[in-house]
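In this note's numbering, the protein residues as written are 65 to 690. The block underneath contains the structure these notes are about, expressed in structure tokens.
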Amino acid sequence: MRKMDELLKNEKVEWRKLGEVSIISKGKQFNKRDMLEDGEYPVINGGISVSGYIDMFNSEENTITVSQGGASAGFVNFIEQKFWLGAHAFSVIPDDDIIKNYEYEYDCFNRLLFHILKMNQIYLQDSKVGAGIPSVSKNELSNIEIPLTSKNTQEKIVKTLDKFTNYVTELQAELQAELQARTKQYEYYRDRLLSEDYLNIISEKMNDFSKKQYELKTVFIEEVAKIRNGKDWKSLGKGDIPVYGSGGKMGVYVDQYAYDKPTVLIPRKGSIQNVFYVDEPFWNVDTIFYTEINDEKIIPKYFYYSIENYDVSKLSTDSTRPSLTQSILNKVKMDLPPIEIQNKVVQILDKFQSLLSDTKGLLPQEIEQRQKQYEYYREKLLKFDIEGETISRQTDRQTDRQTDRQTDRQVISSDYFVILKEVADIVGVKLFDAEWKSLGEFCKCYDGTHQTPKYTNEGIPFVSVQNIKNIYGTDKFISCEDFEKYKIKPRENDLFMTRIGDIGTCAIVKNNDNLAYYVTLTLLRPNQNIVLTRFLKYMIESKHGRRELDKRILHMANPIKINLGEIPKLRFLVPTIPVQEYIVSILDKFDALINDVSKGIPKEIELRLKQYEYYRDKLLDFKRSN
């Protein structure tokens with residue numbers, strides 16, 4: 065019998081309504097015009113995301129919320145910090161009497177309620193009523209049934225479901241970060257490929273291998289393409305021709321087309337940066353232009369990549385709603401190499417686009433599957449409906465699919481690195497080259513406050529050399545007024561480095577939350593185009609980094625220290641960004657292994673000690689003879 069079967073076998077369950085086991089409250093309205101850009105507390109209202117920020121709160125951390133009104137009515141969330149609960153949301157707080165009577169742990173029962181409500185989210189969303197602003201009634205929410213089990217069973221259920229939730233969240237962050245990194249690489253090489261310098265270089269190279277003389281020209285758009293307006297589609301009949309607006313396909317299909325050759329669609333109003341390459345018949349409305357491209361002069365796909373690379377936002381004629389005109393677009397200049405070179409550029413960028421598309425396709429699949437696994441087990445656990453054989457078969461199928469997707473990701477990752485190297489070679493970037501640089505060439509260094517702070521009970525977290533291992537776990541705070549005196553405030557991807565006593569230990573700033581820092585730390589702000597923050601951390605903490613620091617440490621001082629002016633003089637061998645990313649991915653895996661070992665060794669020691677005690681007692685348990 066499987067563990068889940070064993071967990072829930074013969075479990076006595078008492079079913080109570082949510083309104084009987086919790087306090088359900090509605091929030092208080094806070095006008096959007098009164099919200100602050102730099103407010104400390106988020107406003108949670110009827111939507112999925114934060115509505116804004118203010119400087120006060122009416123709800124404590126670790127509170128369940130349910131959107132009450134609007135398009136997202138029924139959405140269930142768990143807010144881990146103090147916040148303001150708006151008028152279009154409910155809070156759900158465990159009832160103290162239930163906690164006492166059943167001897168539950170508050171946090172555990174709170175998480176159980178969250179998982180149950182999350183399981184019922186679709187039901188709540190389907191139950192909303194109202195023609196104008198749909199809403200979920202408090203009565204509907206109150207009637208959701210809650211299983212009350214033994215304390216032990218409840219804890220095991222919550223522990224299991226929290227693991228699934230955390231895994232889905234971590235996976236989503238990991239995959240999104242991977243996609244973001246690849247997109248940045250694509251944009252970097254796209255910019256290089258379409259630059260005048262590169263196009264001149266490749267023209268010269270191709271001249272060496274042929275009798276043709278390739279020349280890079282600069283042309284106006286009107287010399288290679290005619291920009292055409294769109295028209296309304298409502299008078300047309302239904303068909304299979306897609307209709308495009310400024311946001312892309314509108315989900316409408318008609319029986320006529322405006323154009324049937326490869327083209328680039330350029331929004332006229334709204335999201336003007338969103339250009340589209342279309343090689344099928346289409347209809348376009350008046351918020352987006354299409355282009356009749358002279359393919360004897362320019363390849364349509366090359367035209368698309370050139371426009372995509374151009375910052376058309378600076379051409380807008382309206383500051384409130386971005387707008388473009390034909391006359392302005394016609395006078396946009398672009399570099400025009402010969403057709404042969406255009407083809408080469410398009411081939412490379414197409415490869416990138418294909419790989420990015422594959423990755424984007426995998427992301428939702430991977431996340432969706434993890435979510436389905438979580439929902440499946442959640443329902444089994446919370447409905448107390450156990451079918452061991454069914455679970456087993458389902459799990460096997462899920463494992464097979466997971467393995468297949470993992471294999472796909474590995475193949476894509478491998479392919480991506482191959483193409484990355486190919487592109488790097490073509491554009492003249494030596495992927496595995498590195499050059500010596502002083503830290504000051506790619507990084508700004510800032511000093512912490514020299515004044516002994518006046519600590520407060522709450523406010524802005526204050527970090528020093530003592531907190532470097534856990535900068536977000538400090539128990540020291542300063543006032544907001546004192547923090548305002550800081551000229552340089554930490555931001556995401558900055559790096560703290562200790563410079564007094566324990567010198568050279570680093571911590572990465574993970575977000576833009578306010579952090580105050582003492583003179584025992586220096587704040588490093590690397591240029592991300594040259595050095596990745598995580599790579600810089602590994603460099604500083606390496607043997608070479610330690611040696612560089614040691615040259616400049618004032619060993620006679622008590623405690624030892626390094627002056628701020630010496631830190632920019634540190635010298636490191638800096639490879640290209642793709643190589644840094646590759647190295648960081650390997651070192652991160654080692655870090656994870658080390659952390660696992662640091663947790664595993666004490667456990668191993670504990671088990672060995674128990675073995676010793678068992679055999680010791682056995683050996684020394686001499687039986688007395690009668």
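Note that beta-carbon positions come from the ideal geometry of N, C-alpha and C, so glycine has one too.
- With fewer than 16 other CB atoms across the displayed protein chains lying within 10 angstroms of its CB, residue 637 is exposed.
- Of 554, 76 and 291, the smallest CA-CA separation from residue 575 is found for 554.
- Collapsing the DSSP output to three states places residue 332 in coil.
- Counting only the Cα atoms, residue 143 lies some 15 Å from residue 158.
- The shortest CA-to-CA distance from residue 517 to any of 544, 503 and 501 is the one to 544.
- Taking residue 562 as reference, the option from 552, 596, 631 and 515 with the minimal CA-CA separation is 631.
- Residue 509 and residue 551 have their C-alpha atoms roughly 13 Å apart.
- Counting of Cβ neighbours within 10 angstroms places residue 346 among the buried residues, the total reaching 16 or more.
- Boundaries of the alpha helix (DSSP H) harbouring residue 182: 170-183, taken from the DSSP string.
- Cβ atoms of residue 379 and residue 392 come within 8 Å of each other, at about 5 Å.
- Rounded to whole angstroms, the separation of the alpha carbons of residue 163 and residue 140 is 22 Å.
- The alpha carbon of residue 645 has as its nearest neighbour, out of 177, 599, 222 and 123, the alpha carbon of 599.
- Counting only runs of 3 or more residues that sit fully inside the stretch 323-374, the beta strand (DSSP E) segments are 327-331, 340-342 and 352-357, in chain order.
- The Cβ atoms of residue 288 and residue 367 sit closer than 9 Å to each other.
- The C-alpha of residue 503 lies about 40 Å from the C-alpha of residue 115.
- Annotation for residue 399: the continuous beta strand (DSSP E) segment containing it runs 397-400.
- For residue 499, the beta-bridge partners assigned by DSSP are 638.
- With respect to the 9 Å criterion, residue 153 and residue 110 are classified as neighbours on the basis of their beta carbons.
- For the 9 Å CB-CB criterion, residue 512 and residue 587 form a contact.
- Shown here, residue 80 sits in a strand according to DSSP, grouped into three states.
- By the Cβ test, the stretch 590-609 is not in contact with the stretch 525-537, since fewer than three Cβ pairs between them sit closer than 8 Å.
- Between residue 211 and residue 77 the beta-carbon gap is near 5 Å, inside 8 Å, which marks them as a contact.
- In the same chain as residue 617, and ignoring 5 residues on each side of it, the C-beta atoms closer than 8 Å to its own belong to 567, 624, 625 and 626, in chain order.
- Taking each of 117, 95, 88 and 121 in turn and checking the Cα distance to residue 130, the smallest one comes out for 88.
- Under the DSSP assignment, residue 516 falls outside any beta strand (DSSP E); it carries neither an H nor an E label.
- At the C-beta level, residue 386 and residue 279 stay beyond 9 Å of one another.
- Checking the DSSP bridge columns, you'll see residue 117 partnered with 106.
- Boundaries around residue 603 are those of the alpha helix (DSSP H), 597-605, since no beta strand (DSSP E) includes it.
- Closest by C-alpha distance to residue 578, out of 183, 570 and 535, is 535.
- Residue 542 and residue 187 have their alpha carbons spaced roughly 46 Å apart.
- Proximity to residue 320 across 307, 531 and 284 peaks at 307, based on C-alpha coordinates.
- Taking residue 169 as reference, the option from 405, 213 and 132 with the minimal CA-CA separation is 213.
- Secondary structure note for residue 391: its alpha helix (DSSP H) is the uninterrupted segment 390-394.
- Annotated three-state conformation of residue 147 is strand, per DSSP.
- Put simply, the backbone Cα of residue 127 is about 39 Å away from that of residue 315.
- Burial check for residue 135: the Cβ neighbour count within 10 Å stays below 16, so the residue is exposed.
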